[in-house]
Each structure stands twice: as structure tokens, then as C-alpha cells.
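A quick write-up on the structure given underneath.
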Amino acid sequence: MPAPKGIPAPEAGAIRLDLRIGDSRTTWGWVSEDEVLVATHDGKVMLMVEPSELQWDRREVAM
Numbered sequence: 008m009p010a011p012k013g014i015p016a017p018e019a020g021a022i023r024l025d026l027r028i029g030d031s032r033t034t035w036g037w038v039s040e041d042e043v044l045v046a047t048h049d050g051k052v053m054l055m056v057e058p059s060e061l062q063w064d065r066r067e068v069a070m
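The sequence shown begins at 8 in the working numbering and counts up by one.
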């Protein structure tokens, strides 16, 4: 079986995200062990945040 292609695992405990269609499998990316970060083959990194924990700057912007 050939070696997996694409981005390497970003950390030792990362879990590979696969999309299965029938007998074939496409690797979509990796999710961190704590399930907070996802790294995709496109080079994008997604971060899980809790919206209620965010603080917003309420300054008015002049246009």
C-alpha cells in the first residue's frame, strides 16, 4: 500500500480525518488530540472557539 500523501500529522496525537466513499478513502486533514485545531490539505487551520468567551471592541469606526 502506498504511503499517505498530503500534509504530515501536525502533532503526534493528531487524528486523520477521512472521507469514505464506497471502498475508497480520501484524507481531508488532521484534527488535534484535544479536538481544538483542524489542519486541512489546503493549508488552512481552523480553531474552535466558544463565542460566549469572545470580547468585542465596540469602538465606532468613522467612514
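The beta carbon of each residue, even a glycine, is placed where N, CA and C say it ideally should be.
Supposed contact pair residue j and residue i - C-beta distance, whole angstroms, cut 8 Å
| i | j | result |
| --- | --- | --- |
| Glu-18 | Glu-42 | Between Glu-42 and Glu-18 the Cβ distance is about 12 Å, and since that is not below 8 Å, they are no contact. |
Own chain, CB closer than 8 Å to residue i, minus 5 neighbours either side, in chain order
| i | result |
| --- | --- |
| Val-68 | none |
9 Å Cβ cutoff met for residue i and residue j
| i | j | result |
| --- | --- | --- |
| Gly-36 | Arg-27 | no |
| Val-45 | Val-56 | no |
Cutoff 7 Å; reference residue i; Cβ partners in own chain excluding five residues on either side
| i | result |
| --- | --- |
| Lys-51 | none |
Sheet register partners of residue i (DSSP bridge)
| i | result |
| --- | --- |
| Asp-25 | Thr-34 |
| Met-53 | Val-45 |
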